[in-house]
Amino acid sequence: MGAQHLEEAVIARITRKRGEWAHEKEWRFVTGQAGPKHFLDDALRRVFLGPRVKPEHTARVCEVMDRRPVEVLQGEIRGFELAFRSIKPARPLGECERVGIGKFDPVEDLFAEAELKQFLTVPFEALLEECRRTASRPNMEAMAGIDLAGSNRNAIYFWTTYKLRSGREVFHKRYFDRRLRLVLGKD
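Shown next as structure tokens:
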């Protein structure tokens with residue numbers, strides 16, 4: 002079996018469920034290229050453990066997720082139902098283990114404060130709050146810049162550096178409109 006056929010077979014297997022599980026109405030899809038993927042710590046919100054997971058595995062998962070904003074739930078069989086109960090609550094972002102230093106300095110990072118104030122239809126404090134919220138993310142290393150974007154300057158961009166647990170740094174640019182709503186597909 003060639004590599005292409007093997008990949009197709011694996012994708013077909015993991016995206017389909019047997020008929021007796023159709024009542025769960027679960028959707029599965031695979032996207033992107035094969036290989037390792039890198040995610041920020043707060044991308045994962047919950048971990049669901051089955052009802053028969055060994056206690057030592059449950060303890061290990063809770064230990065690994067302890068200083069992260071991730072809730073761990075344990076499945077329990079109740080009659081013919083499967084229910085989940087929280088066994089480790091998600092930590093608030095401010096209490097999570099930091100990977101990046103979370104540097105945000107309004108004087109350094111807001112290049113054109115007067116232009117930003119003129120552009121926004123919300124109070125400038127809302128922009129500062131969004132910057133602080135971004136800086137509170139566990140992987141956030143530093144703001145690389147916040148300014149008006151585009152030739153017709155119709156959006157604000159946040160250029161942010163994140164540090165992954167592997168030590169690798171990744172850059173991400175987000176765009177916001179005048180009311181600080183995220184603008185998708187702007188890159």
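In our numbering, the protein residues as written are 2 to 188.
Backbone N, C-alpha and C fix where the C-beta goes; we use that ideal spot for every residue, glycine too.
Values in this document were obtained by computation on a predicted structure and should not be read as measured data.
#1: Can you give me the start and stop residues for the beta strand (DSSP E) that Thr-59 sits inside?
#2: Which of helix, strand or coil does DSSP assign to Gln-119?
#3: In this structure, how does DSSP classify Val-184 when only helix, strand and coil are distinguished?
#4: Could you check where the beta strand (DSSP E) with Glu-170 kicks off and where it finishes?
#5: Does the contact criterion of 3 or more C-beta pairs under 8 angstroms hold for the segment 100-108 versus the segment 140-152?
#6: For Gly-103, which three-state DSSP category applies?
#7: With distances taken between CB atoms, is the gap from Ile-78 to Pro-52 smaller than 9 angstroms?
#8: Which residue wins for smallest C-alpha separation from Gln-75, given the options Ser-167, Asp-148, Arg-175 and Val-48?
#9: Can you list, in chain order, the residues of its chain with a C-beta nearer than 6 angstroms to that of Ile-147? Leave out the 5 residues immediately preceding and following it.
#10: Check Val-108 in the structure and name its three-state DSSP category.
#11: Might you give, ordered along the chain, the residues of its own chain that have their beta carbon closer than 8 angstroms to the beta carbon of Phe-85, omitting 5 neighbours on each side?
#12: Give me the Cα-Cα distance between Gly-64 and His-173, rounded to the nearest whole angstrom.
#13: Looking at Asp-42: is its Cβ nearer than 9 angstroms to the Cβ of Val-71?
#14: Can you give me the start and stop residues for the alpha helix (DSSP H) that Leu-129 sits inside?
#15: To the nearest angstrom, how far is the alpha carbon of Ala-122 from that of Lys-38?
#16: Does the beta-carbon of Arg-14, which I'm using as the reference point, lie nearer than 8 angstroms to any heavy atom of the ligand SAM?
#17: Who are the near neighbours of Ala-91 in its chain, counting only those whose CB is closer than 6 angstroms to its CB and skipping five residues on each side?
By the coordinates alone:
#1: No beta strand (DSSP E) holds Thr-59; the alpha helix (DSSP H) holding it covers 56-66.
#2: helix
#3: strand
#4: 170-177
#5: yes
#6: coil
#7: yes
#8: Val-48
#9: Asp-110, Leu-111 and Phe-159
#10: helix
#11: Phe-49, Leu-74, Gln-75, Gly-76 and Glu-77
#12: Checking the sequence, you will find Glu at residue 64 rather than Gly. C-alpha separation (whole angstroms): 29 angstroms.
#13: yes
#14: 125-136
#15: Per the sequence shown, the amino acid found at residue 122 is Thr instead of Ala. For Thr-122 and Lys-38, the distance between alpha carbons rounds to 37 angstroms.
#16: You won't find the ligand SAM in this model; it holds no ligand whatsoever.
#17: Pro-70, Val-71 and Glu-72
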